[in-house]
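Note sheet for the following structure.
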Amino acid sequence: MGSYLNNRLTHVWAFLTAITVASWWIGQSRGATFQLDAMVTLTVLLMASVKAQLVIQYFMEVRSAPRWLKQTAYGWNIGLLLLLTGVYWLG
Amino acid sequence: MSNTLESVVHKVDVREQPQVVGAFPGQPSMWFFIIGDLLIFGAYFIAYMAYRSQEPDVFLQSQQAMNQGVGAINTIVLLTSSLFVALGTEAVRAQKIRDSLRLFGLAMVFGALFPVLKIFEWLPKIEAGHTPGENLYLMFYYVMTGLHLFHVLLGLVILGFVMRNIKTAANPDVRFVETGAIYWHMVDLLWLVLFALFYLMR
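Line by line, the protein sequences are chains R and C.
Residues 5 to 95 in my numbering are what the first sequence lists, from first letter to last.
Residues 3 to 204 in my numbering are what the second sequence lists, from first letter to last.
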């Protein structure tokens, strides 16, 4: 079982969980009424994008895949982040 | 003759060591499906953001009624399930069949928690009259988390087939296991974005 605990995948999971808890902490209401907040939005979108990148690279094993698949998967993630923040910004 | 033998050895190498650069995790057809699904969900995500900017107050007000804690727990549940699938896939490659069955079993337990949590999240909202017709936020919320839930349920069925293959086949089909695994990770991946858009952003 130790080999599974001391495994790169488990380390990635621990990091993903830590980012999830941190983003929840940033995004919770704390009793205040929700208002537009670009800082919170950009932070949580960026955190989601970092998590998505790690899932694609390590869990989906795209880091060892052919270049076209890497470019497509990473491109989707980066493109989505740019478009989401762009639409938010313009709105 | 030696060329034929080499090509066979090469094929076996690629199949059993997907870590090799240039190797393909899972079947290419599954990747085409995944890329298509990512593009469709991506279009919905962007549409959500565009409609949100038209009436941010309505979206923010409805979003406030969401339970961010449940959203975070759902995220950790899926990430944990994904970890067990990834470790289980490694175990199959290493021919550790008993380990892989345990790991995929744990993945299914965590995966099955997700729909249960979703039902407990949806029911009180629907009972309180917060239905898809109330406003655009709730329409997007139910449609997109509903579509995602359908993917989770399909993923659980796929993981069941993967486990059956590991259990019954004399030599588990590594490529089949990987194919099921990447589908499950995509389900996890989509939820990461849904969590940020429907629960966390302002």
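We treat Cβ as the ideally placed atom computed from N, Cα and C, and that holds for glycine.
Using alpha carbons as the reference points, say which of the options lies closest to residue i.
| i | options | result |
| --- | --- | --- |
| A88(C) | M51(R), V91(R), I30(R), I60(R) | I60(R) |
| N137(C) | G44(C), R54(C), L41(C), G28(C) | R54(C) |
| M32(C) | I184(C), Y144(C), V118(C) | I184(C) |
| Y46(C) | L84(R), L9(R), L49(R) | L84(R) |
| F26(C) | L87(R), L86(R), M64(R), N81(R) | M64(R) |
| A157(C) | V179(C), Q70(C), F34(C), D175(C) | The amino acid occupying residue 157(C) in the given sequence is Gly; Ala does not appear at that position. The candidate whose alpha carbon is nearest that of G157(C) is V179(C). |
| H15(R) | L85(C), L192(C), T181(C), R95(C) | L85(C) |
| I75(C) | N81(R), Q39(R), A22(R) | A22(R) |
| F106(C) | G148(C), A93(C), E129(C) | A93(C) |
| P58(C) | S27(R), G95(R), L20(R), G35(R) | G95(R) |
| G28(C) | Y92(R), L87(R), S68(R) | S68(R) |
| P174(C) | I121(C), S102(C), V145(C), L202(C) | S102(C) |
| V1(C) | V154(C), F116(C), H132(C) | Because chain C spans 3 through 204 in this model, residue 1(C) falls outside it and cannot be assessed. |
| T77(C) | A171(C), T147(C), F163(C) | T147(C) |
| G38(C) | Y92(R), A77(R), V91(R), L49(R) | A77(R) |
What span of residues does the alpha helix (DSSP H) with residue i cover, start to end?
| i | result |
| --- | --- |
| S83(C) | 70 to 95 |
| R177(C) | 176 to 197 |
| G31(R) | 12 to 31 |
| R34(R) | No alpha helix (DSSP H) contains R34(R), which DSSP labels as neither H nor E. |
| A67(C) | That residue, A67(C), is in no alpha helix (DSSP H); it is neither H nor E in DSSP. |
| N167(C) | 138 to 170 |
| F34(C) | 30 to 56 |
Give the C-beta separation of residue i and residue j to the nearest angstrom, bearing in mind that I take them to be a contact with Cβ-Cβ under 8 Å.
| i | j | result |
| --- | --- | --- |
| V66(R) | L58(R) | Actually they are not in contact, since the Cβ atoms of V66(R) and L58(R) sit about 11 Å apart, beyond 8 Å. |
| I30(R) | T47(R) | 6 Å |
| G90(C) | A114(C) | Incorrect: roughly 16 Å between the Cβ atoms, too far for contact. |
| V2(C) | A56(R) | Because chain C is modelled from 3 through 204, residue 2(C) falls outside the range shown and cannot be assessed. |
| N81(R) | S53(R) | 6 Å |
| F34(C) | L192(C) | The pair is not a contact, with the Cβ atoms about 17 Å apart (cut-off 8 Å). |
| Q97(C) | S33(R) | Contact flag wrong, Cβ pair sits at about 50 Å. |
| V72(C) | L119(C) | 6 Å |
Task: Minimum length 4: unbroken alpha helix (DSSP H) runs contained in the region 40 to 90 of chain R - done: 42 to 58
TODO: Identify each residue in the region 62 to 81 of chain C for which the Cβ-Cβ distance to at least one residue of chain R is less than 8 Å, and report them in chain order.
DONE: L62, Q63, Q65, Q66, Q70, G71, G73, A74, T77, I78, L81
Task: Residues within the region 78 to 91 of chain R neighbouring chain C, beta-carbon criterion of under 7 Å - done: W80, L84, L87, L88, V91
TODO: With 7 Å as the limit, tell me which residues of the region 163 to 187 of chain C have their beta carbon closer than that to any beta carbon of chain R; keep them in chain order.
DONE: I184, H187
- [ ] Could you please tell me which residues of the region 8 to 23 of chain R, in chain order, have their CB closer than 7 Å to any CB of chain C?
- [x] Y8, N11, L13, T14, W17, L20, T21
- [ ] Could you pull out every unbroken alpha helix (DSSP H) segment of at least 4 residues lying fully inside the region 102 to 132 of chain C, listed in chain order?
- [x] none
Open item on the list: Against chain C, which members of the region 45 to 69 of chain R pass a CB distance test of less than 8 Å?
Closed with: T45, V48, L49, M51, A52, K55, A56, V59, I60, Y62, F63, M64, E65, V66, S68, A69
Task: Cβ-based contacts, 8 Å cut-off: residues of the region 27 to 55 of chain C near chain R - done: P27, W33, I37, L40, L41, G44, F47, I48, M51, A52, R54, S55
TODO: Please list the residues of the region 132 to 156 of chain C that have a C-beta atom closer than 8 Å to any C-beta atom in chain R, keeping them in chain order.
DONE: none
TODO: Determine which residues of the region 24 to 41 of chain R have a Cβ less than 8 Å from any Cβ of chain C, and write them out in chain order.
DONE: T24, V25, S27, W28, I30, G31, Q32, S33, T37, F38, Q39, L40, D41
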